Amino acid sequence: MSECLTGFRVARNELERFMLAVLARAGADEASASAVTHALVTASRMGTDSHGLRLLPHYVQALQGGRISGSPSMRFERRLPATGYLDAGNGFGHLAGYTAMRHAADMAEEVGMGAVAVGHSSHFGAAGCYALAAAERGLIGLALCNSDPFVLLHGGMHPFHGTNPIAFAAPVADSPPYLLDMATSSIPWNRVQQYGAIGRELPDQVAADDEGRVTRTPAEVAALLPLGGADFGFKGAGLGGMVEVLSSTLAGMANGFRLLPMGGPDMSTPRGVGHFFLALKPDAFALGDVYPARMHDYLDDLRAQPGRGGARVLAPGDREWACQAHRDAEGIPLDSANQAAYGELAERLDVAPLRRLRSAGQC
């Protein structure tokens with residue numbers, strides 16, 4: 004969540020210090036700990052706490068249970084000039100994501116585009132982290148991932164697709180990238196857990212109980228609604244299926260309906276999650292170096308549009324970059340549930356606890 008619900012804040016480097024230490028004590032090698040930390044801190048800096056710092060205790064549990072290998076033997080095979088496959092060795096999805104996008108970006112810089120399917124992976128946090136990694140190299144990036152079933156089909160009673168995120172990032176000259184990171188469900192499952200932890204009611208048309216009826220009470224939620232809600236969920240269900248085909252199916256992994264649940268109880272068996280990454284070199288398409296100017300024109304026109312009720316129209320990424328600037332300056336907030344979870348990790352793994360930055364008000 005982007006809202007600051009607590010005065011407990013920590014500096015970015017302090018959060019990084021704690022995560023690296025915890026992951027190392029739990030059995031992650033340097034590359035894995037670094038990738039997980041970078042992804043979680045990136046997400047929380049941008050206000051996506053549901054896919055940021057909140058996930059650390061779960062990853063520690065999966066690592067210590069044996070579900071995730073802390074020292075994976077990843078293998079990359081370049082199949083054609085612009086395609087490849089990465090066997091992630093049942094390691095952290097974050098390491099697989101950054102590694103696969105690096106290979107995709109290398110191919111894009113060489114031949115104009117690069118696409119990598121990833122198999123034998125695990126949950127990778129916020130998909131936007133990997134699309135952003137391409138944009139930081141001046142490339143357009145796309146990242147997709149399947150997950151275990153949380154989301155109803157349109158008109159269905161039981162979960163079938165995962166939240167199956169789509170992340171897209173495009174470089175913008177002299178500005179932060181254009182960044183879209185969205186679940187194909189109305190909200191991510193982590194949002195339900197986060198709202199439940201702080202006793203907050205869900206928005207309407209985002210979740211359902213075990214009878215397929217819309218509910219706003221986190222404790223009653225048995226499934227999420229696809230993007231579009233009860234009336235127009237065929238759109239989100241269709242997008243979720245597209246992600247499934249490009250991630251699990253293309254990588255030869257089981258589809259999300261057949262995956263072990265992310266939340267357990269089996270924390271020893273690898274899940275076999277699939278990902279897909281695409282990188283495009285902008286000047287490999289239209290003649291001349293037209294992309295930078297046209298991208299600026301597009302965003303200038305978009306942001307100049309009048310907002311309803313005096314609201315400001317934002318481009319994808321604008322909210323995230325504003326939140327990142329604020330949190331870099333004022334610290335990253337931890338709600339009461341995360342404070343307790345991080346305190347337990349510090350005690351159990353003998354790691355110095357987080358040092359509070361200072362008391363602060365609302366964002």
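Here the sequence shown is numbered in our numbering, starting from 4 and rising by one per residue. No residue lacks a Cβ here, since even glycine has one placed at the ideal position from N, Cα and C. Computed from a predicted model, the values in this text were never measured in an experiment.
Open item on the list: If distances are taken between C-alpha atoms only, which option among G236, A318, A355 comes closest to V175?
Closed with: That would be A318, whose Cα lies nearest to the Cα of V175.
TODO: Leaving out five residues on either side along the sequence, give the residues of the same chain with a beta carbon under 6 Å from the beta carbon of M4.
DONE: At M4 the pLDDT is 37, less than 50, meaning the model places this residue with poor confidence; the figure from the coordinates comes in the next sentence. For M4, where only same-chain residues beyond five positions count, the Cβ hits under 6 Å are D52.
Task: Minimum C-alpha distance to N258 - residue among P180, A173, T166, A146 - done: N258 has its Cα closest to that of T166, out of P180, A173, T166, A146.
TODO: Locate the beta strand (DSSP E) running through M185, then write down its first and last residues.
DONE: Looking at the DSSP string, the run of the beta strand (DSSP E) that includes M185 is 178-185.
- [ ] Counting only runs of 4+ residues fully inside the stretch 299-349, write out the alpha helix (DSSP H) ranges in chain order.
- [x] Listed in chain order, they are 321-333.
- [ ] Look at the alpha carbon of Q308 and the alpha carbon of Q196, and state the distance between them as a whole number of angstroms.
- [x] Their backbone Cα atoms lie some 36 Å apart in a straight line.
Open item on the list: What ranges does the beta strand (DSSP E) occupy inside the stretch 184-243, keeping only unbroken runs of at least 3 residues that lie completely in it?
Closed with: Listed in chain order, there is nothing to give.
- [ ] Name the one or two DSSP bridge partners that R12 has.
- [x] Note: R12 is bridge-paired with P336 in the DSSP secondary-structure output.
Open item on the list: Taking the beta carbon of N149 as the centre, do at least 16 other beta carbons fall within 10 Å, making it buried, or is it exposed?
Closed with: Here N149 is buried: its Cβ has 16 or more other Cβ atoms, across all protein chains shown, within 10 Å.
Task: Ranges of the beta strand (DSSP E) found wholly within the stretch 114-165, counting only runs of at least 3 - done: Secondary structure in the stretch 114-165: the beta strand (DSSP E) runs of 3 residues or longer, each lying completely within the stretch, are 116-124, 143-148, 162-164 in chain order.
- [ ] Would you check if the distance between the CB atom of R216 and the CB atom of E204 is smaller than 8 Å?
- [x] Contact flag unset, no.
Task: Distance between beta carbons of F21 and L147, contact taken as under 8 Å - done: A Cβ-Cβ distance of about 30 Å is found for the pair L147 and F21, leaving them out of contact under the 8 Å criterion.
Task: Touching by the beta-carbon criterion (3+ pairs, under 8 Å), the stretch 231-248 and the stretch 64-80 - done: Because the criterion of three Cβ pairs below 8 Å is not met, the stretch 231-248 and the stretch 64-80 do not touch.
Task: Span separating the alpha-carbon of D292 from that of W192 - done: The straight-line gap from Cα to Cα measures roughly 41 Å.
Task: Short Cβ contact (8 Å threshold) for R48 with D331 - done: Taking 8 Å as the Cβ cut-off, R48 and D331 qualify as a contacting pair.
Open item on the list: So, with DSSP's three-state summary, where would you put S251?
Closed with: Helix.
- [ ] Determine the closest residue to D338 out of L66, A254, A14, R57, with distance taken between C-alpha atoms.
- [x] Closest in C-alpha terms to D338, from the list L66, A254, A14, R57, comes R57.
Task: Minimum length 4: unbroken alpha helix (DSSP H) runs contained in the stretch 43-120 - done: Whole alpha helix (DSSP H) segments, 4+ residues: 59-68, 96-114.
- [ ] Please report the residue range of the beta strand (DSSP E) in which V276 lies.
- [x] Looking at the DSSP string, the run of the beta strand (DSSP E) that includes V276 is 276-283.
Open item on the list: Tell me the DSSP secondary structure of A355 in three-state form.
Closed with: In the three-state DSSP reduction, A355 falls in the coil class, being neither helix nor strand.
- [ ] Could you tell me whether the Cβ atoms of D90 and A130 are closer together than 8 Å?
- [x] No, the pair does not count as a contact, with Cβ atoms beyond the cut-off.
Task: Local conformation of P174 per DSSP, three classes - done: Strand, per DSSP.
Task: Status (buried if at least 16 other CB within 10 Å, exposed otherwise) for S37 - done: S37 is buried by the Cβ-count criterion.
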